Amino acid sequence: MNLDKLKQAEADFLQRYPGGFSDPGMAPIKKKHNVDKLVDFTQENLGRGAFGRPEQVAENLLTIVSRSSMVSRFEKPRFRDFIRGMNSREKQDLADAFEQRLYGRKQFGFELMLGMLQQHKLAKWSLISVVPFYHAPNREVFVKPTTAKGILAFLEVEDLKYHPTPSWAFYKGYRDLVKDVRKHVVPTLAPNNAALTGFLMTTM
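Below is the structure:
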């Protein structure tokens, strides 16, 4: 990672927004993305005790995806149709996959989710990463392809290669990169990991 470029990006961003993401100038962007409300909703409705009610889990997943500003408007109706077309057994499988992803064997859960989405040609980075991000916004990452590719190029990261098909190997590597970036910037640039990657994207 090119630390000089990162520190220059930090300086440029703070010159424009001295308070980082707490700066008044960032208020319209924060309002548009509404991260805090979706974090609250996800944490309240996908707690450990929620997964005994797979029908409700499916509805909550649909709500999160539908309300997220980070998911493409083209992907939202397809995800809705995916949820609406499931039978009870499939909703149980979906709930089990998300329970593993959030609370159990995270790689196993990721791969279960990926398999279900692939069957419906919905294996998109946004759909597989958005719910874990809202559940743990300072630990998990939202993978937006253009942003991820841009960050890797900007920071001159050579040992991590983006692929359009989601994989745990890339996800883990990208999450580790974001965690490392967080260590080198002021806290006001990282109220959550999506804000941190958004800061990088705006300074490229």
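My numbering puts the first residue of the sequence shown at 34, with every later residue one more than the last.
Glycine is no exception: its CB is placed at the ideal position from the N, C-alpha and C atoms.
Predicted model, so just to flag it, every value in this text is computed and none were measured.
- Assignment of M103 by DSSP, reduced to helix, strand and coil, places it in the coil class.
- Per the Cβ contact rule, the segment 145-156 is not in contact with the segment 172-182 (fewer than 3 Cβ pairs under 8 Å).
- The beta carbon of V163 is closer than 8 Å to those of I97, V98, S101, M103, V104, F175 in its chain, skipping five residues each way along the sequence.
- Annotated three-state conformation of R172 is coil, per DSSP.
- Taking a contact as a CB-CB distance under 8 Å, the pair L71 and Y204 does not count as one, their CB atoms being some 20 Å apart.
- Put simply, of F187, W201, S55 the residue whose alpha carbon is nearest the alpha carbon of F143 is W201.
- N78 sits close to N93, with the two beta carbons spaced by under 9 Å.
- Per DSSP, the unbroken alpha helix (DSSP H) holding D37 starts and ends at 36-49.
- Taking the C-beta atoms as reference points, T221 is found no nearer than 9 Å to D45.
- Boundaries of the alpha helix (DSSP H) harbouring T179: 178-187, taken from the DSSP string.
- Around P224, the same chain offers F54 as residues with beta carbons nearer than 6 Å, after the five sequence neighbours per side are excluded.
- In the DSSP annotation of this structure, H153 is not part of any alpha helix (DSSP H), being labelled neither H nor E.
- In this structure, L39 sits near H217, with a CB-CB distance shorter than 9 Å.
- Nearest C-alpha to G118 among E132, T180, E88: E88.
- Considering only K109, D213, R134, K65, the residue with the shortest C-alpha distance to F84 is R134.
- Secondary structure of A60 (DSSP, three-state): helix.
- For K194 and S159, the gap between their C-alpha atoms comes out near 17 Å.
- The shortest C-alpha to C-alpha distance from T75 to any of A91, I62, K64 is the one to A91.
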